[in-house]
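Chains as they are written, first to last, in my numbering: chain F, 32 to 115; chain X, 501 to 883.
Let me begin by presenting the structure, written as structure tokens, before commenting on it.
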């Protein structure tokens, strides 16, 4: 196995808008998107969608990969909508 | 063959320990088979491993159960991954002569766990850091099986134009069946308005698309065919299969509208029976969408046709062409998990022991388990 660089744009294959507070400090609502990377067939990444209202997320929308800060200095995958 | 099935008291909360529930179910299953505890020489449970991966997993410890039964065993198994179906490994154990009568059990205290947690517990509630496959899911907020399955349902609705009103006939119809099952957790009628009024958990999955956390144990006795003369009412395992043909991962599964097809195809390849021969179907229903997968994978309808198949509830009701989850399923009967409840009902249907909810002439009954990347499918027939 080895690391491979991938480009950061992709298409939302599917999604869900979570409304349940599973943990006491979990903020809701939020959208989780499953993103197929455009230039890398078979590579799918899961992340939060940021920058738009969760209910505006749609299957097929174009997004760009990034990260957002997680607990204890970690980074968590997240996506933002690509606007044209 | 499956020789016995037995269950403890089942309810939202049952005031007995997991250990007590397990022993209740084992004794009931052994008696149901027409055997005594001393006849049991194999023990198995799902999941094994001794540690709960969700609060309320209450199988206990295999050795403690053997000690309580004071028996001698020649085959034991505590399975975590790769179960496929509850009776899959026990059937191979008796077929290869490792044991004559294996009992496998599944015990849940998830109803009590949910009450204690103030709601259905999240995966992330037991450990600070996620491990293994969950490490990809929990940090982004996919903290429950609901959130992990929801994208499958969203994609299905998107691709086939199915509606929640159509798929809602699955939980609504199963509730009507549960009304005829004295052991079901929820038995009061549910209307389509009730279903649509259920609060949204993770779109498009709402409250009544989710199975009901409960307390209870189910035990199944699997016996060698040689023992048939000693058994009260054995049921034949006509065919079974469990195939994983894609990436074994909730989020990496490539086509989320087609789940279970390889398993179902392999199962049908092992029998001369056809989907039209099946008299009733006990299809895994952790969530409504899982029933959709199995209706299509098993060939009870075509791909993309499940919504039309269940619409109105006629075909899947008692008296319809394919009565579905006649005990209420996990959606109303209770989350007995891993198709243990489905298997118990299938055995009782084949024997004709289901009382008011009996399907006449149920000589071929289908069982499926989970879907997603772990999957199992089987047919039970009269012995």
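All residues carry an ideal CB built from backbone N, CA and C; glycine is no exception.
{"query": "Bridge partners for residue 41 of chain F per DSSP, in chain order?", "result": "F:68 and F:94"}
{"query": "I believe residue 880 of chain X touches residue 847 of chain X by the beta-carbon criterion, under 8 Å. Please report the beta-carbon distance rounded to the nearest angstrom.", "result": "7 Å"}
{"query": "Cβ atoms of residue 502 of chain X and residue 867 of chain X: under 8 Å apart, would you say?", "result": "no"}
{"query": "Using Cβ-Cβ distances below 8 Å, what residues of the region 678 to 701 of chain X are close to chain F?", "result": "699, 700 and 701"}
{"query": "Using 8 Å as the threshold, is the region 626 to 643 of chain X in touch with the region 568 to 580 of chain X, meaning 3 or more CB pairs across them?", "result": "no"}
{"query": "Would you say residue 83 of chain F lies against chain X (beta-carbon separation less than 8 Å)?", "result": "no"}
{"query": "If we count the other Cβ atoms within 10 Å of its Cβ and call it buried at 16 or more, is residue 590 of chain X buried or exposed?", "result": "buried"}
{"query": "Look up residue 79 of chain F in the DSSP assignment and give the residues it is bridged to.", "result": "F:63 and F:109"}
{"query": "From the beta carbon of residue 667 of chain X, is the nearest beta carbon of chain F less than 8 Å away?", "result": "no"}
{"query": "Going by C-alpha to C-alpha distance, which of F:106, F:104, F:93 and F:100 sits closest to residue 40 of chain F?", "result": "F:93"}
{"query": "Just tell me which of X:789, X:733, X:836 and X:704 has its CA closest to the CA of residue 29 of chain F.", "result": "Because chain F is modelled from 32 through 115, residue 29 of chain F falls outside the range shown and cannot be assessed."}
{"query": "Establish whether the CB of residue 95 of chain F and some CB of chain X are separated by less than 8 Å.", "result": "no"}
{"query": "Considering only the alpha carbon of each residue, which of X:677, X:723, X:797 and X:777 lies closest to residue 596 of chain X?", "result": "X:723"}
{"query": "Quick one: give me the first and last residue of the beta strand (DSSP E) that residue 601 of chain X is part of.", "result": "601 to 609"}
{"query": "I need the straight-line Cα distance from residue 660 of chain X to residue 804 of chain X, nearest angstrom please.", "result": "6 Å"}
{"query": "Roughly how many whole angstroms lie between the Cα atoms of residue 566 of chain X and residue 543 of chain X?", "result": "8 Å"}
{"query": "Could you spell out where the alpha helix (DSSP H) holding residue 793 of chain X opens and where it closes?", "result": "788 to 797"}
{"query": "Compare the beta carbon distance of residue 559 of chain X and residue 606 of chain X with 8 Å and say whether it is the shorter of the two.", "result": "yes"}
{"query": "Within 10 Å of its beta-carbon, does residue 600 of chain X have 16 or more other beta-carbons around it, so buried, or fewer, so exposed?", "result": "buried"}
{"query": "Enumerate in chain order the residues of its own chain whose CB-to-CB distance from residue 842 of chain X is below 6 Å, with the five nearest sequence positions on each side excluded.", "result": "782 and 867"}
{"query": "Contact criterion: CB-CB distance below 8 Å. Does residue 644 of chain X meet it with respect to chain F?", "result": "yes"}
{"query": "I want to see whether chain F comes within less than 8 Å of residue 641 of chain X, judged by CB atoms only; does it?", "result": "yes"}
{"query": "For residue 741 of chain X and residue 773 of chain X, what's the separation of their Cα atoms in angstroms?", "result": "14 Å"}
{"query": "Drop a sphere of 10 angstroms on the beta-carbon of residue 87 of chain F, count the other beta-carbons inside from all chains shown, and report buried for 16 or more, exposed for fewer.", "result": "exposed"}
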